[in-house]
Amino acid sequence: MAVKKDFKRADGRKAEDARPMTAKVGVIPNADGSAMFAFGDTVAIAAVYGPRKLHPQHMQNPTKAVLRCNYDLLSFSVGDRKRPGPNRRAQEISKAIEWALSPVVDLSLFPNTVIDVQIYILQADAGTRTAGINAASMALAQAGIPMTDLVCSIAVGKNDTNLIVDLSKGEEDFEEGEGATDFAVAKPANSSSFSLMQMDGKISPELVPEATKLASKVCEEIYEIQKKTLKDSLLPSEQEKGAKK
Amino acid sequence: MSSMEVTNLTREKLRKMFAEGKRFDGRKLDEFRDLKIEFDVSNQAEGSARVRLGKTEVVVGIKLGFGEPYPDSPDKGNLMVSADLLPLASPRFEHGPPGFNAIELPRLVDRAIRASDVINLSDLVIEEGKKVWTVFVDLYPINDDGNLIDAASFGAIAALKKAVLPLLDKDGKIDHKTKSTNPVPLAKDIAPISFSFFKLGDSLILDPTREEQEASEARITFGISTFEGKPMVNSCQKYGEDLFSQEEIEKAMSLLPVKFEEINKKLKSVL
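Here the protein sequences line up with chains A and B, keeping their order.
Per the numbering used here: the first sequence ends with 245, consecutive numbering throughout.
Per the numbering used here: the second sequence ends with 516, consecutive numbering throughout.
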C-alpha cells in the first residue's frame, strides 16, 4: 500500500484522514435546495434554483434540462483579496463541476429547463472545489431533484513521496523533494467510476490508480455524512416537537 | 458541409469499430498520426515551432518581455500561456469572448509546463521584487483536425527548448532584432508533454481526428515529464459528461509512460 500509516502531518492528522467535516442543509431559505459543506477551515455553500424555464430560448434543450453550475470564491475568502467576478480558473472549475454532478441528475425529466447550481466559497484553505461539490450534491438532493446517487468529492495528493488525503493550503504549498501534488476527485457514491479528476504536481504513473482508490475510500465517509445530514434535516426540530405536545 | 456536426450514425459506427480495435484511417487505437516538428515560424519570436499531427497543425511562439513579479513570489519570473482559437483554423471557431475550450487549452499546457519545473522561474529574475522576465507561450491552432491539446503541448516545449533570452541595448531596453545565444534557462532533461485519452463506449483512443474527438463522450488529459530520470505525471484533467472507471485509469497509466517514451524520442531527434 502506498499510504504510510505512521506518516505524521503538520496538523497531527494521519495520511488517510480528511479534516473534520461538517455539513448542513437548508442554509439559504430562498433556494429550492441549499447546503453548506466544510473540510476544516474550507467552507462552501451551494444553492439550487430550478428546474425553471431557461432564457434565452435558444439555450434550451428540448430533450433534457440544462445543468448550469457556477463556482467562485468570495473576495475575502482568501489571503490577498480576490477580484470579484469569475476568472478563468473559476470558469474552468465551474464546467468541471457540471460534469462531476450531471451523471447522477435525471435531466431528461425536465426538458427546456435549467437547473442552476450556485457554489460560493466563504473561507478557503484548499479543497474548495471538493467542498463545493459535496455541498452542491446535497443541495440538489434537498431540492428534490430526481437523482440516481449522491456525488462525493475529495482531494488526495502528495507531500514529497507521501500519499495524503484532503490537503490544507499549507500542504498544497509544500516544496521539498517531489513537492506537493493536489488531485481533486469526485465520484457517484455507489459507482467505481470518477466524474471529476483534476490534478497538478508530481505523481508517478503507478501511484495514480492508488490515489484514486484512496479517494474512493474517503468518499464512503463523505457519503455517510451527506446521507445523515439530509435525513436529519427531515426530522422535526426540537421546537416543532415541543409545539406538537 | 465542413461545419456539420458528427452524426449519431457516425458515432455508432465509430463505437462499434473502436470496440473491434479499428479506426477509419487504419491506425491502432493508441497510435498517433505522423508527427512533424519544424522551427523558426517567425524570426521575430524568441523561439517558435510548428507541429503537425496528421492534418492538425499548431504554431507556437515564445516571446520574452519585462514583467513585475507577483507579490507572493518576488524572487520568480513569470510564465504566461495563452491560446487563440482562430476562426482561420476551423469552421467551428468563432470570434468573440473565449469559450470553455479556448480557456482550457492554454491552462492545460500551462499546468503541464509549470508543474514539471522545466522552467526554473527563479532564473528569470532581473531585479528581485521589481523586474523579472515574463515568458509568453502563445499557442495558435492553424488547422484543427483533432487533439489540439497534445499537439500544442508538443509545440510549446519544442519552441521553449529553442528559445533564447533577448539582448538588452545600452539603455536597458529589449533589443528584439539581434538574437542572443543565451537559451531561456530550462532543465535539460525535462520535456513536459500531454496525452489525451478519449473515450467512446468502453474504448480509449489516443490522437483522435476531429471527427473521432467529436464523437467521443469524455476525455482525460495527462501532463507527463520526468523527475530524477523517471516518468512523472504532472497534471490531469477530465472533460465531458462520461465517467472514467478505476480500470480505465489503470489502463491509461500503463500506456502513458510508453507513449511518452515514443513521442519524447521523436522530440529529442529534432531538438
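Glycine residues also receive a C-beta, built at the ideal position from the N, C-alpha and C atoms.
Would you tell me roughly how many angstroms separate the C-alpha atoms of B/A463 and A/P103, rounded to the nearest one?
12 Å
Compare the beta carbon distance of A/L67 and A/E98 with 8 Å and say whether it is the shorter of the two.
yes
Starting from A/D160, trace the alpha helix (DSSP H) in both directions and tell me its first and last residue.
Counting along the chain, A/D160 falls outside any alpha helix (DSSP H), and DSSP gives it neither H nor E.
Taking only runs that begin and end inside the segment 432 to 462 of chain B, name each unbroken beta strand (DSSP E) of 3 or more residues, in chain order.
438 to 445 and 448 to 451
Short CB-CB distance (under 8 Å) between B/L405 and chain A:
no
So is B/Q289 buried or exposed if we call it buried at 16+ other beta carbons inside 10 Å?
exposed
Alpha carbon of A/L109 to alpha carbon of A/A65, nearest angstrom:
7 Å
On the criterion of 16 or more Cβ atoms from any shown chain inside 10 Å, does B/K483 qualify as buried, or is it exposed?
buried
Selection from B/E486, B/S461, B/K281 and B/E250 that minimises the alpha carbon distance to B/P336:
B/E250
Could you compute how far the alpha carbon of A/I115 sits from the alpha carbon of A/V48?
7 Å
From A/A46, A/E92, A/N134 and A/L167, residue whose alpha carbon lies closest to that of A/Q118:
A/A46
Just to check my reading of the structure: B/V354 and B/A397 have Cβ atoms closer than 8 Å, yes? What is that Cβ distance to the nearest angstrom?
5 Å
Below 7 Å on C-beta distance, what does A/Q57 contact in chain B?
Here the premise fails: no neighbours, minimum Cβ distance about 20 Å.
Report the rounded CA-to-CA distance for B/S499 versus B/I364, giving the unit in angstroms.
27 Å
Can you list the residues of chain B that A/Q91 reaches, using a CB-CB cut of under 8 Å?
F345 and I348
List the residues of chain B whose Cβ lies closer than 7 Å to the Cβ of A/R88, in chain order.
I348 and R352
May I ask which residues mark the beginning and end of the alpha helix (DSSP H) holding A/T128?
T128 to Q142
Quick one: what's B/E223 bridged to in DSSP?
Given that chain B is displayed from residue 246 to residue 516, the structure contains no residue 223 of chain B and the question cannot be resolved.
I'd like to confirm the pairing. Which residues does DSSP put opposite B/E302 in its beta bridges?
B/R297 and B/N388
B/A360 CB to nearest chain A CB: under 8 Å?
yes
Alpha carbon of B/L488 to alpha carbon of B/D414, nearest angstrom
55 Å
Quick one: is B/L410 buried, meaning 16 or more other Cβ sit within 10 Å of its Cβ, or exposed?
buried
Please report the residue range of the beta strand (DSSP E) in which A/S115 lies.
Note that residue 115 of chain A is Ile in the sequence shown, not Ser. That run of the beta strand (DSSP E) goes T113 to Q123.
Reduced DSSP category for B/M246 - H, G, I as helix; E, B as strand; rest coil
Residue placement at B/M246 cannot be trusted, given a pLDDT of 42 that sits under 50; what the coordinates show is reported in the next sentence. In the structure shown, B/M246 sits in coil (DSSP, three-state: anything other than H, G, I, E or B).
Locate the beta strand (DSSP E) running through A/I45, then write down its first and last residues.
T42 to K53
Would a check of beta-carbon distances place B/M246 closer than 8 Å to chain A?
Low confidence applies to B/M246: its pLDDT is 42, below 50, so where it sits in the model is not reliable, and the reading given next is rough at best. By this cut-off, B/M246 is not an interface position.
Quick check on A/R68: does DSSP put it in helix, strand or coil?
strand
Mind listing which residues of the segment 194 to 210 of chain A have their C-beta closer than 9 Å to chain B's C-betas, in chain order?
F194, S195, L196, M197, Q198, M199, D200, G201, K202, I203, S204, P205, E206, L207, V208 and P209
Helix, strand or coil: how does DSSP classify A/S192 here?
coil
Rounded to the nearest angstrom, what separates B/V515 and A/L101 at their Cα positions?
44 Å
Go through its chain and collect everything with a Cβ distance to B/P319's Cβ below 7 Å, but skip five positions before and after it.
E373 and G374
Distance cutoff 8 Å, beta carbons only. Does B/I508 sit that close to anything in chain A?
no
I'd like to know if A/F174 contacts chain B, where contact means its C-beta is closer than 8 Å to some C-beta of that chain.
no
Using a Cβ-Cβ distance cut-off of 8 Å, determine whether B/K433 contacts chain A.
no
In the segment 481 to 493 of chain B, which residues sit with their C-beta less than 9 Å from some C-beta in chain A, listed in chain order?
C481, Q482, K483, Y484, G485, E486, D487, L488, F489, S490, Q491, E492 and E493
Under 7 Å Cβ-Cβ, which residues of chain A neighbour B/P502?
P205
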